[in-house]
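Residue numbers (the working numbering): 2 to 339.
Glycine included, each C-beta is placed from N, C-alpha and C at the ideal position.
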Ligand code: TXA
Ligand code: MG
């Protein structure tokens, strides 16, 4: 199949993609977080195509994207009390809400769970496409399972070009990290995946909110979080600690087969050093992280070291993605010193 990149600014292209969605096809869509691989959420066989195209495990549920808050009515069984204030303050935006699903959501979308994940993306082309399609759009990140999420149309083309007809190019994703996933289906709202809507912001809206930490020997509340994720091909080691110390540590490890992901203000002169923003600039780090990992992927290297930001505000989500990419390879310089 030939994959065509279409400029999202052209209304004809929105209509062409909407027609593709309506007739059961797949389209890569821009959002403010990352590019998604979209299909009609109410069409089981279209959704099945998402799983095969990504090589995604069937136990990992999808996020359903809608254009207006009122569109959730038919998709959920009950609307939790906290819904309205969250939707008012955070939608459209990088917040996914998990609620009890209605019969209309096919099992394949929720991966057999009793709940469904829903969000309104903050991107004009995504909203125009959802409205023109006339259906909710199920869309996971448009990368093959396990690899970094795409933040540019060209990333999608490199990843799954040849497997889908259209990529709607809405420019570079402004946020660059996947949405915050918040489960509001139980009494205490629980953050299952940190993102650009931070714990501190949610704390201002909700009386109660907790961050889910994985409990050993218990299945994760968010199935996707159990898989190694966001990972470049070469093994990555996340180095935690003061930036000046992590920079020194990484510098001592550098050779021609090693790459480093570093803060602008701590990088040193070496062809395999990729900078992804200043140490205190979480916004830039988030926007650049996945593109930086992809750049490193294109290098002839056998291992990678990464400086990790402080785990507060948006830094929590950035550190979460780097640690997921690292798997078990995490070195905390603070701890090794003790
Ligand atoms: O920003 C985003 O969220 C992007 C854009 C395209 O919207 N989408 C995205 O989808 O990141 P995906 O499939 O890559 O990640 C969805 C995450 C997975 O970890 C999945 O397990 C979790 O949300 N999830 C989906 N439905 C769930 C549910 N009912 N209960 C718990 N976790 C759920
Ligand atoms: Mg994903």
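Beta-carbon contacts of residue i that lie in its chain and below 6 Å, excluding the five residues immediately before and after
i: residue 242; result: 334 and 335
i: residue 234; result: 298
i: residue 248; result: 267
i: residue 230; result: 325
i: residue 18; result: 28, 130, 167 and 169
i: residue 60; result: 112 and 224
Close-in-space but distant-in-sequence residues of the same chain around residue i (CB under 7 Å, 5 per side omitted)
i: residue 14; result: 7, 8 and 169
i: residue 45; result: 107 and 109
i: residue 300; result: 260 and 273
Proximity test, residue i beta-carbon vs the ligand TXA heavy atom, cut-off 7 Å
i: residue 321; result: no
i: residue 64; result: yes
i: residue 140; result: yes
i: residue 332; result: no
i: residue 223; result: yes
i: residue 116; result: yes
i: residue 32; result: yes
The alpha helix (DSSP H) enclosing residue i, as first and last residue numbers
i: residue 274; result: Residue 274 -> not in any alpha helix (DSSP H); beta strand (DSSP E) instead, spanning 274 to 276.
i: residue 131; result: 125 to 134
i: residue 326; result: 315 to 327
i: residue 1; result: Residue 1 falls outside the range modelled here, since the chain spans only 2 to 339, and no answer is possible.
i: residue 65; result: Per DSSP, residue 65 belongs to no alpha helix (DSSP H); it is in the beta strand (DSSP E), 64 to 66.
Terminal residues of the beta strand (DSSP E) in which residue i lies
i: residue 41; result: 37 to 41
i: residue 340; result: The chain is shown from 2 up to 339; residue 340 falls before or after that span and cannot be answered.
i: residue 331; result: 331 to 333
i: residue 263; result: 259 to 263
i: residue 184; result: 181 to 184
Cβ-heavy atom distance, residue i to the ligand MG, below 7 Å
i: residue 211; result: no
i: residue 104; result: no
i: residue 70; result: no
i: residue 150; result: yes
Residues near residue i by beta carbon distance below 8 Å, same chain, minus five either side
i: residue 195; result: 181, 212, 317, 318 and 321
i: residue 305; result: 233, 235, 236, 237, 238, 259, 260, 261, 262 and 297
i: residue 54; result: 27, 38, 161, 164 and 165
Open item on the list: Pairs of beta-carbons, one from the stretch 268 to 286 and one from the stretch 237 to 256, closer than 8 Å: are there three or more?
Closed with: yes
Task: Three-pair Cβ contact test at 8 Å for the stretch 196 to 208 versus the stretch 91 to 104 - done: yes
Open item on the list: Would the stretch 182 to 192 count as touching the stretch 155 to 166 if we require 3 or more Cβ pairs under 8 Å?
Closed with: no
TODO: Assess, as a yes-or-no matter, whether the stretch 144 to 158 is touched by the stretch 276 to 296 under the definition of 3 or more beta carbon pairs within less than 8 Å.
DONE: yes
Open item on the list: Between the stretch 110 to 125 and the stretch 59 to 78, can you find at least three pairs of beta-carbon atoms closer than 8 Å?
Closed with: yes
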